[in-house]
Amino acid sequence: MSSPPPQRDPSSAEGDQQPAGRGGDSGGGVRRALRAVGPGIVTGAADDDPSGIATYAQSGALYGTGLLWTVPLTLPLMIVVQEACERMTLATGDSFGALIRRRFQRGARTWIAVLLAALLVANSVNAAADLVAIGEGMSLLHAGPAPLWSLIAGVVIGFVVVRGSFAWISRIFRWLCLVLFAYVGVVIVASVDWDDVLGGLLGRGFEWEPRYLGLVVAVLGTTISPYMFFWQTEEREEMLRSDARSRGRGQRRGSAKPLTLDDQSPAGARRALWLGRIDVIIGMLFSVAIMFAIVVSAAATLGVHHQKVDSAQAAASALQPIAGDFAFALFAIGFIGSGMLAVPVLAASGAAGFAALLGRPWSLDRKPHQARTFYALLLVGLTVAVALSVIGVDPIGLLVLSAIINGIAAGPFIIVLMLITGDRRLMGEHRNGWAARILGWGTAVIMCAAGAFGIVSLVLGR
Numbered sequence: 000m001s002s003p004p005p006q007r008d009p010s011s012a013e014g015d016q017q018p019a020g021r022g023g024d025s026g027g028g029v030r031r032a033l034r035a036v037g038p039g040i041v042t043g044a045a046d047d048d049p050s051g052i053a054t055y056a057q058s059g060a061l062y063g064t065g066l067l068w069t070v071p072l073t074l075p076l077m078i079v080v081q082e083a084c085e086r087m088t089l090a091t092g093d094s095f096g097a098l099i100r101r102r103f104q105r106g107a108r109t110w111i112a113v114l115l116a117a118l119l120v121a122n123s124v125n126a127a128a129d130l131v132a133i134g135e136g137m138s139l140l141h142a143g144p145a146p147l148w149s150l151i152a153g154v155v156i157g158f159v160v161v162r163g164s165f166a167w168i169s170r171i172f173r174w175l176c177l178v179l180f181a182y183v184g185v186v187i188v189a190s191v192d193w194d195d196v197l198g199g200l201l202g203r204g205f206e207w208e209p210r211y212l213g214l215v216v217a218v219l220g221t222t223i224s225p226y227m228f229f230w231q232t233e234e235r236e237e238m239l240r241s242d243a244r245s246r247g248r249g250q251r252r253g254s255a256k257p258l259t260l261d262d263q264s265p266a267g268a269r270r271a272l273w274l275g276r277i278d279v280i281i282g283m284l285f286s287v288a289i290m291f292a293i294v295v296s297a298a299a300t301l302g303v304h305h306q307k308v309d310s311a312q313a314a315a316s317a318l319q320p321i322a323g324d325f326a327f328a329l330f331a332i333g334f335i336g337s338g339m340l341a342v343p344v345l346a347a348s349g350a351a352g353f354a355a356l357l358g359r360p361w362s363l364d365r366k367p368h369q370a371r372t373f374y375a376l377l378l379v380g381l382t383v384a385v386a387l388s389v390i391g392v393d394p395i396g397l398l399v400l401s402a403i404i405n406g407i408a409a410g411p412f413i414i415v416l417m418l419i420t421g422d423r424r425l426m427g428e429h430r431n432g433w434a435a436r437i438l439g440w441g442t443a444v445i446m447c448a449a450g451a452f453g454i455v456s457l458v459l460g461r
């Protein structure tokens, strides 16, 4: 596939002006470091949404610590993919969707658009299941009927993403990340056999059994999901725009041209890359630490008593007689907060990706009339999710469907990501090095194989 000339896409540069000055050099080192942290943390936290919690709890309940080896396996895979996303946007100032438009010609873009449309469907389905989990969590805490709280959560999320600025929404997301520490509390109050945990991390519980391997695929699918790729690049582009706007006065909200690495001094560019990688590493470490805590707590409680669970809500209910009211409440609060974080990320990531692929403007900092396609896709996705959650559709069925679609899409999207980040015309000196190429393409192979196995397992009814 040949590449068209690498002009910046109008979806992210429409009406922009070049910001005054060169970025990345001025003082406030600590403040700038804290400001740079964000996309990786939010992406990692959103990855531990109720669907992920249900999958991790199920693995601990069914196999104890037998799947803990997936924690050290997924960590480097997540880091290499998300680091490529981060570096891609820092180097180009564009999101994943816009770069797909710049890198590929019309025929290839059509096929990718089909994948992205499937991702929009999967995100809406996943968001619906997360809204159901929020409602059930509130019901577990005796706050009222679950469908009512699912509806309230959907309406509140829709209002926040449409009416709020990116800076405001970003602050809310970062505070919601803290809720996930509730699962660390569950591990503390549970009685854990740490020798067994070490054995699980070393792979001693591995089994060549279809149901076990199917759960491995589920863990990979819920851990390395395509929406993470889009959100990482989109949030970073929003932050680059905000930084450019703070340097170039008088620019409209959401329309400032993002500062790229080439807009900075060599020292500033190196610092931006370093901070971006630190953000990714911290975010992915946070994500797998929560994954570890959920599997271990489920193994120490539900696994010991052989209690099968098929949802986060069921896991929270089963914990109550085993680990006490405190662990039960922490578990329930954790997936309520994670759902409130994940639903807007799911809705916005696919909508922004598709809008950028179509060459349409997008941004949470733009008003609805300035980014009609983006907000239309976002609100349609949220409306479908709310409707599905309120009418009482089986949330586990929804999660299975979304996991299948994500599993199918993950491998191809990683291939697309590797082609973009390896393109000299787009990335210049910041294209993939040998380590990124080996690890990135290795991750693509693993995820393609996992997706294929998931499809076969589904067809065979396993």
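Sequential numbering of the sequence shown, starting at 0, is according to numbering that gives the first Met the number 0.
Glycine included, each C-beta is placed from N, C-alpha and C at the ideal position.
Item                                                                                                                                     : Value
Contacts around Ser25, its chain only, beta-carbon distance under 6 angstroms, and the 5 residues preceding and following it disregarded : With a pLDDT of only 42 at Ser25, under the threshold of 50, the placement of this residue in the model should not be trusted, and no figure is reported.
Closest residue to Thr42 among Ala347, Pro367, Trp110, Ile99 (Cα-Cα distance)                                                            : Ala347
Same chain, Cβ closer than 6 angstroms to Gly450, neighbours up to 5 away in sequence not counted                                        : Gly406, Ile407, Gly410
Short Cβ contact (8 angstroms threshold) for Leu340 with Leu175                                                                          : yes
Residue burial classification, Thr463 (beta-carbon count within 10 angstroms, cutoff 16)                                                 : The requested residue 463 does not occur in the structure, where the chain is confined to residues 0 to 461.
Asp528 to Gly92 span [Cα, whole Å]                                                                                                       : Any question about residue 528 goes unanswered here, given that the chain covers just 0 to 461.
Whole-angstrom C-beta distance between Val295 and Val124, which should lie under 8 angstroms                                             : So it is not a contact: roughly 29 angstroms between Cβ atoms.
C-alpha gap between Leu345 and Leu98, whole angstroms                                                                                    : 20 angstroms
Straight-line gap, Arg270 to Ile454 (C-alpha atoms, nearest Å)                                                                           : 43 angstroms
Three-way DSSP call (helix, strand, coil) for Gln231 in this model                                                                       : helix
Same chain, Cβ closer than 6 angstroms to Glu475, neighbours up to 5 away in sequence not counted                                        : This structure leaves residue 475 out entirely; the chain is present only between 0 and 461.
Limits of the alpha helix (DSSP H) - the one that Trp68 falls within                                                                     : Unbroken run through Trp68: none, as it is neither H nor E.
Simplified DSSP assignment, three categories, for Gly22                                                                                  : With a pLDDT of 40 at Gly22, under the threshold of 50, the modelled position of that residue is not reliable, and the figure given next carries that caveat. The answer is strand: DSSP assigns Gly22 an E or B state.
Per-residue burial, Trp167 [other beta carbons within 10 Å of its own, 16 or more giving buried]                                         : exposed
Outcome for Arg359 when other beta-carbon atoms lying within 10 angstroms are tallied against a minimum of 16                            : buried
Neighbour-count burial assignment, Ala142, 16 or more Cβ in a 10 Å radius                                                                : exposed
Cα-Cα separation between Ser456 and Trp207, rounded to whole angstroms                                                                   : 14 angstroms
Under 8 angstroms between C-beta atoms of Ala298 and Thr54                                                                               : no
C-beta atoms of Thr420 and Arg235 nearer than 8 angstroms                                                                                : no
Proximal residues to Ile40 (C-beta, below 8 angstroms), its chain only, five neighbours per side dropped                                 : Arg173, Cys176, Asp278, Ile281, Gly282, Phe285
C-beta atoms of Phe229 and Gly96 nearer than 8 angstroms                                                                                 : yes
Cα-Cα separation, Ala473 to His429                                                                                                       : Residue numbering for the chain in the displayed model covers 0 to 461; residue 473 lies beyond these limits and cannot be assessed.
Assigned secondary structure, Gln263 (DSSP; H/G/I helix, E/B strand, else coil)                                                          : strand
Rounded straight-line distance, which links the Cα of Leu214 to that of Thr64                                                            : 13 angstroms
Thr259 vs Ala90 beta-carbon contact at 8 angstroms                                                                                       : yes
Through-space distance from Ala266 to Leu425, alpha-carbon basis                                                                         : 21 angstroms
Residues of its chain near Asp48, where Cβ-Cβ distance is below 7 angstroms and the 5 sequence neighbours each way are ignored           : Asp129, Ser337, Gly338, Ala341
Residue interval of the alpha helix (DSSP H) (run including Leu118)                                                                      : 105 to 139
Contact under 8 angstroms by Cβ, Gly380 with Leu114                                                                                      : no
Own chain residues within Cβ distance below 6 angstroms of Ala414, not counting five before or after                                     : The amino acid at residue 414 is misidentified as Ala; the sequence shows Ile. Counting only Cβ-Cβ distances below 6 angstroms, and skipping sequence neighbours, we find Ala443.
Helix, strand or coil at Arg248 [DSSP, three-state]                                                                                      : Because Arg248 carries a pLDDT of 42, less than 50, the predicted location of this residue cannot be relied on, and the following value inherits that uncertainty. Here Arg248 sits in coil by DSSP.
Reduced DSSP category for Phe205 - H, G, I as helix; E, B as strand; rest coil                                                           : coil
Ile223, DSSP secondary structure in three states                                                                                         : coil
Sequence-distant residues of its chain with Cβ nearer than 7 angstroms to Tyr503 (five each side left out)                               : Coverage of the chain is limited to positions 0 through 461, which leaves residue 503 absent and any answer about it impossible.
Range of the contiguous alpha helix (DSSP H) that encloses Ile40                                                                         : 38 to 46
Cβ-based neighbour list, Leu376, same chain, cut-off 8 angstroms, excluding 5 preceding and 5 following                                  : Leu119, Gly349, Ala350, Phe353, Ala354
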